[in-house]
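Chains as they are written, first to last, in my numbering: chain U, 327 to 648; chain G, 327 to 648.
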């Protein structure tokens with residue numbers, strides 16, 4: 327009889343679904359903002375993100391199912407006790423975030439952000455040349471659900487897709503080429519789009535430094551939806567001001583939130599959104615999180631831990647398997 | 327030995343391509359803005375748009391190949407003499423305009439225009455719920471090259487695609503359903519996206535009147551890239567202000583350019599661009615126009631008029647065949 331703490335905003339239908347799977351369990355529902363240390367200490371299973379500081383290597387906690395794709399806060403020393411299972415919500419966000427990525431790519435390419443500024447000024451003015459996704463080359467760095475779904479859509483729209491991942495593996499059909507991260511420097515100059523959807527690890531911190539940003543193809547577009555620290559913000563500002571890039575879209579920044587007086591707000595050819603591409607803003611995202619949680623719960627309670635989805639290795643911050 | 331006036335901005339490579347097809351012809355190259363009545367009177371063939379008023383039923387003119395998809399200015403009485411062949415540039419604009427349409431659809435759906443306004447104000451603020459193309463229903467009104475390419479892309483991104491055209495015909499693979507225009511009123515309430523890419527004819531003038539705009543599904547998005555007069559602007563303003571629609575994108579307006587004091591500039595959930603989705607802004611668009619012109623020239627000179635592409639019937643403003 328497990329104690330399960332649920333912090334995601336489930337409705338009655340979702341509760342019935344979870345309780346039907348965990349028939350002998352005791353469910354506590356608590357809004358994420360209202361969770362107490364007592365709630366966390368009592369739980370053997372947590373479904374939903376809770377502040378990592380509240381966990382403090384709780385020996386009672388057996389498994390936490392995050393509602394986020396990012397798991398870095400839970401991978402730090404002293405958060406999870408040895409052997410605690412950590413699963414993330416990979417598979418929930420690919421749809422919402424990849425559509426966001428297509429949107430900002432076209433917004434930059436078609437100068438729609440400039441036209442919107444002109445609209446605010448009631449200014450009817452032709453801003454000239456554009457480029458297209460069709461016939462372009464896209465480099466996707468980080469091939470989780472988000473990077474994969476983005477590559478799939480770019481390929482459907484006529485882009486040549488190259489994927490880069492940490493470890494070698496079988497090439498999925500939505501990629502024209504697949505390489506490991508060591509090849510990044512030679513691939514950057516080939517791409518019209520570079521998309522980053524990387525977890526926050528020591529290896530990905532400022533992976534896009536000034537040298538790599540300048541190594542991108544002139545006029546290319548950079549999109550970051552993973553963690554803000556994948557891009558060096560000072561270097562990005564210099565490279566954008568130099569006119570080397572065609573544009574950049576950041577849904578994640580360093581720091582976050584971006585202070586009102588930060589120079590990036592006014593950088594040329596930059597589109598900034600406040601870490602909104604994911605969250606639960608798309609209803610389907612939340613439905614997927616509930617389904618992932620339910621499927622993992624069923625496997626966990628049946629003692630089939632090996633079959634659980636999206637298990638994260640706290641030592642690396644990467645998934646052990648999809 | 328035909329006299330050919332070329333008003334599109336060809337480079338040496340394009341000239342060599344056309345002159346190789348019209349070996350015995352005399353080519354005159356003149357920038358569209360510099361064309362004189364004398365140039366037009368001398369020409370038996372014109373490649374590129376010239377002011378319709380300059381043509382004045384010129385008896386010498388045998389064929390004009392437009393660089394635009396819209397042909398309405400040349401379909402009015404007294405412009406073309408009986409029997410003059412009119413071809414447009416269908417096939418050139420589908421790529422550029424359909425990518426623009428995907429861009430504005432996602433910009434509205436993901437509230438990217440609001441986030442860009444916030445960025446200009448250095449304002450980090452979550453604007454809440456979004457919707458997705460995946461799982462939506464798209465109604466494409468007007469199935470020329472532009473509407474067809476848009477439908478193809480929306481279907482690839484997971485939308486259910488319904489097409490409406492003037493005359494019945496075989497359903498292309500990128501449409502889930504195809505109907506004739508008489509069914510428009512019953513289809514409007516089903517669509518999350520309504521896309522208009524219609525020629526300017528008496529039948530399409532204000533086809534989206536207030537009743538039809540209010541007949542759209544609550545929260546749906548309207549996109550107009552054909553001619554501005556397909557949408558009644560006063561009705562649109564009222565319907566947008568009522569909050570009935572999720573958004574609207576206009577690349578074409580009535581009137582055009584939109585005067586600086588026009589109330590549409592500040593209408594809620596509206597994205598306006600100044601008739602820029604087409605033009606020659608994408609290099610590939612221009613390359614396609616040159617290829618269409620060359621292929622039609624080859625057929626015309628060989629006496630194979632029946633095989634020419636994109637022949638417009640001046641009486642209806644519609645293409646006789648693709």
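Cβ coordinates follow ideal geometry from the N, Cα and C atoms, glycine included.
If the cut is a Cβ gap below 9 Å, which residues of chain A does residue 335 (chain U) touch? In the displayed structure, chain A is absent; the protein chains listed are U and G.
Give the list of continuous beta strand (DSSP E) stretches no shorter than 3 residues that lie fully inside the region 471-533 of chain U. 486-491, 503-506 and 519-522
Can you give me, in chain order, the residues of the region 460-483 of chain G that have a beta carbon less than 8 Å from any beta carbon in chain U? 460, 461, 479, 482 and 483
Work out the CA separation of residue 414 (chain G) and residue 395 (chain G) for me, nearest whole Å. Locating residue 395 (chain G) in the second chain gives position 69, where the first residue counts as 1. Locating residue 414 (chain G) in the second chain gives position 88, where the first residue counts as 1. Their Cα atoms are separated by approximately 5 Å.
Pull out every residue of the region 587-617 of chain G whose Cβ sits closer than 7 Å to any Cβ of chain U, in chain order. 591, 597, 598, 599, 600, 602, 607, 608 and 610
Three-pair Cβ contact test at 8 Å for the region 469-476 of chain G versus the region 440-456 of chain G: no
Which one of G:347, G:349, G:375 and G:350 has the shortest CA to CA distance from residue 360 (chain G)? What you label residue 360 (chain G) is simply residue 34 of the second chain in a count that begins at 1. For residue 360 (chain G), the nearest C-alpha among the options comes from G:375.
Buried or exposed for residue 529 (chain U), going by 16 or more other Cβ atoms inside 10 Å? Position 203 of the first chain, counted from the start, is the residue given in the question as residue 529 (chain U). Residue 529 (chain U) should be labelled exposed.
Apply the 10 Å Cβ neighbour rule to residue 493 (chain U) and answer buried if 16 or more other Cβ atoms are within range, or exposed otherwise. What you label residue 493 (chain U) is simply residue 167 of the first chain in a count that begins at 1. Exposed, by the Cβ-count rule.
Output, in chain order, the set of chain U residues within a Cβ distance shorter than 9 Å of residue 426 (chain G). Counted from its first residue, the second chain places residue 426 (chain G) at position 100. Ordered by position in chain U, the residues that pass the 9 Å Cβ test against residue 426 (chain G) are 432, 436, 438 and 456.
So the candidates are G:333, G:621, G:629 and G:631; which of them puts its Cα closest to the Cα of residue 417 (chain G)? Indexing the second chain from 1 puts residue 417 (chain G) at position 91. That would be G:621, whose Cα lies nearest to the Cα of residue 417 (chain G).
Does the beta-carbon distance from residue 557 (chain U) to residue 532 (chain U) come in below 9 Å? The sequence position of residue 557 (chain U) within the first chain is 231, counting from 1. The sequence position of residue 532 (chain U) within the first chain is 206, counting from 1. Yes, Cβ-Cβ distance for residue 557 (chain U) and residue 532 (chain U) is below 9 Å.
Through-space distance from residue 364 (chain G) to residue 372 (chain G), alpha-carbon basis: In the second chain, residue 372 (chain G) corresponds to position 46, counting from 1. In the second chain, residue 364 (chain G) corresponds to position 38, counting from 1. For residue 372 (chain G) and residue 364 (chain G), the distance between alpha carbons rounds to 13 Å.
Spell out the partners DSSP gives residue 391 (chain U) in its beta bridges. Taking the first residue of the first chain as position 1, residue 391 (chain U) is located at position 65. DSSP, once it has assigned bridges, lists U:373 and U:413 as partnering residue 391 (chain U).
Find the residues of chain U that neighbour residue 422 (chain G), judging by a C-beta separation of less than 8 Å, and give them in chain order. Here residue 422 (chain G) is taken as the residue at index 96 of the second chain, counted from 1. Those within 8 Å of residue 422 (chain G) in chain U are 456 and 458.
Between which two residues does the alpha helix (DSSP H) holding residue 378 (chain G) run? Position 52 of the second chain holds residue 378 (chain G). Residue 378 (chain G) -> alpha helix (DSSP H) spans 378-381.
Determine the direct distance from the alpha carbon of residue 439 (chain U) to that of residue 451 (chain U), and round the result to whole angstroms. As a working note, residue 451 (chain U) is residue 125 in the first chain. As a working note, residue 439 (chain U) is residue 113 in the first chain. Cα-Cα distance, rounded: 13 Å.
Can you say whether residue 568 (chain U) is buried or exposed, counting buried as having 16 or more other CB atoms within 10 angstroms of its CB? Residue 568 (chain U) sits at position 242 when you count from the first residue of the first chain. Exposed: under 16 other Cβ atoms inside 10 Å.
How should residue 437 (chain G) be labelled, buried or exposed, when 16 other C-beta atoms within 10 angstroms of its C-beta is the threshold for buried? Position 111 of the second chain holds residue 437 (chain G). Burial call: buried.
CB-CB length for residue 525 (chain G) against residue 491 (chain G), believed under 8 Å: To locate residue 525 (chain G), count along the second chain from 1; it is residue 199. To locate residue 491 (chain G), count along the second chain from 1; it is residue 165. In fact, because the Cβ distance is near 12 Å, the residues do not count as touching under 8 Å.
Excluding five sequence neighbours on each side, which residues of the same chain lie with their C-beta closer than 6 Å to the C-beta of residue 322 (chain U)? The structure shown does not extend to residue 322 (chain U), since chain U spans only 327 to 648, so no value can be given for it.
Using the Cα positions of residue 564 (chain U) and residue 578 (chain U), report the straight-line distance between them to the nearest angstrom. For the purposes of this step, residue 564 (chain U) is taken as residue 238 along the first chain, with counting starting at 1. For the purposes of this step, residue 578 (chain U) is taken as residue 252 along the first chain, with counting starting at 1. The straight-line gap from Cα to Cα measures roughly 18 Å.
Could you tell me whether the region 352-359 of chain U touches the region 629-640 of chain U, where touching means 3 or more Cβ pairs closer than 8 Å? no
Taking CB distances under 9 Å as the criterion, tell me whether residue 448 (chain G) reaches chain U. Taking the second chain and counting its residues from 1, one reaches residue 448 (chain G) at position 122. Closer than 9 Å: yes.
Cβ pair count under 8 Å reaching 3, the region 344-353 of chain G against the region 380-397 of chain G: no
Taking C-alpha atoms, which residue in G:600, G:633, G:614 and G:397 lies nearest to residue 453 (chain U)? Along the first chain, one-based indexing puts residue 453 (chain U) at 127. For the residues G:600, G:633, G:614 and G:397, the minimum Cα distance to residue 453 (chain U) belongs to G:600.
So which of U:362, U:634, U:515 and U:616 has the shortest CA-CA distance to residue 346 (chain U)? Locating residue 346 (chain U) in the first chain gives position 20, counting from the first residue. Taking only the C-alpha atoms, the option nearest residue 346 (chain U) is U:616.
For residue 401 (chain G), I'd like the list of residues in its chain whose CB is within less than 6 Å of its CB, leaving aside the five on either flank, ordered along the chain. For the purposes of this step, residue 401 (chain G) is taken as residue 75 along the second chain, with counting starting at 1. So the qualifying residues of the chain are 640 and 643.
In whole angstroms, what is the alpha-carbon distance linking residue 482 (chain U) and residue 575 (chain G)? The residue labelled residue 482 (chain U) in the question sits at position 156 within the first chain. The residue labelled residue 575 (chain G) in the question sits at position 249 within the second chain. Roughly 24 Å between the two C-alpha positions.
Using only CA atoms, which one of G:562, G:604 and G:466 lies nearest to residue 538 (chain G)? Here residue 538 (chain G) is taken as the residue at index 212 of the second chain, counted from 1. The shortest Cα separation from residue 538 (chain G) among G:562, G:604 and G:466 belongs to G:562.
Between which residues of its own chain and residue 610 (chain U) is the CB-CB distance below 7 Å, once the five residues before and five after are set aside? Counted from its first residue, the first chain places residue 610 (chain U) at position 284. 421, listed in sequence order.
Can you find a CB in chain U that lies within less than 9 Å of the CB of residue 555 (chain G)? The sequence position of residue 555 (chain G) within the second chain is 229, counting from 1. Judged by the 9 Å Cβ criterion, residue 555 (chain G) is not in contact with chain U.
First and last residue of the beta strand (DSSP E) that includes residue 352 (chain U)? For the purposes of this step, residue 352 (chain U) is taken as the residue at position 26 of the first chain. Segment 352-355, the beta strand (DSSP E) holding residue 352 (chain U).
Own chain, CB closer than 6 Å to residue 603 (chain G), minus 5 neighbours either side, in chain order: Taking the first residue of the second chain as 1, we reach residue 603 (chain G) at position 277. Same-chain partners within the cutoff: 423, 426, 551 and 577.
Reference residue 608 (chain U); option with closest CA among G:378, G:342 and G:459: In the first chain, the residue the question calls residue 608 (chain U) occupies position 282. Nearest C-alpha to residue 608 (chain U): G:459.
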